[in-house]
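Student:
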Amino acid sequence: MADDAFASFERKWLDANPEQAAVLVFLDADERRPAAAFGALIHELVQTTFAIRETQVAAAKLGWWQQEVRAAAAGHPRHPISIELFADTRLRAVDASRWIALIDGAMSQLDESSASNFQQLVDQFGRFYGHVAAIDNALAGAGSAPVERVADLWMSAHFLSALSSGSSLAEHFSLPLDVFARHGIARAAAGQGEQHAEILRDFIGNVRSTLDTALSQARGASIGRRVRARSDFRLAETAAKSNNPAEALSRRGQKPTPRQVWWAWREARAARRRLDDLSHDPS
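Numbering (our numbering), first residue to last: -13 to 269.
(1) If Val165 and Ala124 are in contact, beta carbons under 8 Å, what's the gap, nearest whole angstrom?
(2) Under a three-way DSSP split, which group does Trp249 fall into?
(3) Is it a yes or a no for the stretch 61 to 77 touching the stretch 87 to 102, going by three-plus beta-carbon pairs under 8 Å?
(4) Using the Cα positions of Ala23 and Glu(-4), report the straight-line distance between them to the nearest angstrom.
(5) Return helix, strand or coil for Phe114, following the three-state DSSP convention.
(6) Pop quiz: Ile86 and Trp51 are said to be a contact at Cβ under 8 Å. What is the actual Cβ separation, rounded to whole angstroms?
(7) With a threshold of 6 Å on Cβ separation, who are the neighbours of Ala330 within its own chain once the five nearest residues in sequence on each side are excluded?
(8) Can you give me the C-alpha to C-alpha distance between Gln203 and Pro132, rounded to a whole angstrom?
(9) Whole alpha helix (DSSP H) runs in the stretch 89 to 144 with 4 or more residues, listed along the chain?
(10) Suppose the cutoff is 6 Å on Cβ atoms and the five residues either side in sequence are ignored; what does the same chain contact list for Ala7 look like?
(11) Would you please state the rounded distance, in angstroms, between the beta carbons of Glu157 and Ile209? I believe it to be under 8 Å.
(12) Would you please state the rounded distance, in angstroms, between the beta carbons of Leu146 and Leu235? I believe it to be under 8 Å.
(13) Could you give the C-beta distance for Ser217 and Gln240, rounded to a whole number, given that I count them as a contact under 8 Å?
(14) Apart from the five residues just before and just after Arg39, which ones in its own chain have a Cβ nearer than 7 Å to its Cβ?
(15) Determine the DSSP secondary structure at His29, reduced to helix, strand or coil.
(16) Of all the options Ala250, Tyr115, Gly127, Ser195, which has the alpha carbon lying nearest to the alpha carbon of Val136?
(17) If you draw a straight line from the alpha carbon of Thr35 to that of Glu134, how long is it in whole angstroms?
(18) Alpha carbon to alpha carbon, how far is Asp16 from Gly61?
(19) DSSP three-state call for Thr1: helix, strand or coil?
(20) I need the boundaries of the alpha helix (DSSP H) containing Lys280, first residue and last residue.
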């Protein structure tokens, strides 16, 4: 019954992140369930924090998750996701304060105002995704990447998803004010025409630059995060050239593409090489 319950959460995560189905194929058997459980947890937290319109409802659900991670870290998980997560020795080794800070970081997003610029937006979202990245690194194991760059990969995925047509994340996402200022347009007057497309292309350029830097500096990030980041970079390139960037960002598909399968294989092979190098390092 527990497996069946977890499977429903795993399916929701995979439906929202189809490239991860390719990643799971190339993970070792003992890595697949923890990776899926962590992905499912973050998906649940993101949907609760950013896709629920009523702030009080979101806060109540996050409050429940805060109680759950406290109990799980103390050895008493109840939720199917928590049971899977804390069955993994690497995740049990993460300090309880980190799990609590993860939920606190999510709660902090409920009261955020519009950012003035891209860096302030990164700082705001970093109060949540910084903790996501730290736990993701713990799961990735030896040779993991700088937390700040891994957080950039997670945030970039969020930003692009929030901008895609029909996104459930759009409710709690606003472009930085300086993007509108650069184009001499008031936010209220941006509309949905060519002016809006120009603003989106401008912002997407910042995301693409962030992804480019983070991918080069976060070679030890988890396989799933790097495959998603590669996919995001390609999607951002396409959207930046499109007459309708929001519509272009929504073309993720429902299954892994052949390119994503190739990336997953390459990233898994590179990760194993790094682990082999570390195991043979006499220092």
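C-beta: ideal position from N, C-alpha, C; glycine also.
Tutor: Considering the structure as presented:
(1) Their Cβ separation, rounded to whole angstroms, is 35 Å, which puts Val165 and Ala124 out of contact at 8 Å.
(2) helix
(3) They do not touch, by the three-pair rule.
(4) 7 Å
(5) helix
(6) The Cβ separation is near 10 Å, so there is no contact.
(7) Given that the chain is displayed from residue -13 to residue 269, the structure contains no residue 330 and the question cannot be resolved.
(8) 8 Å
(9) 104 to 126
(10) Result list for Ala7: Leu0, Pro242, in chain order.
(11) Wrong, their Cβ atoms sit about 31 Å apart, outside the cutoff.
(12) 6 Å
(13) Contact between Ser217 and Gln240 is ruled out by a C-beta separation of about 14 Å, above the 8 Å threshold.
(14) Glu157
(15) helix
(16) Tyr115
(17) 21 Å
(18) 20 Å
(19) It is worth fixing the name first, because residue 1 is Asp in this sequence and not Thr. Residue state, collapsed to three classes: helix.
(20) Only positions -13 to 269 of the chain appear in the structure, and residue 280 is not among them; the question remains open.
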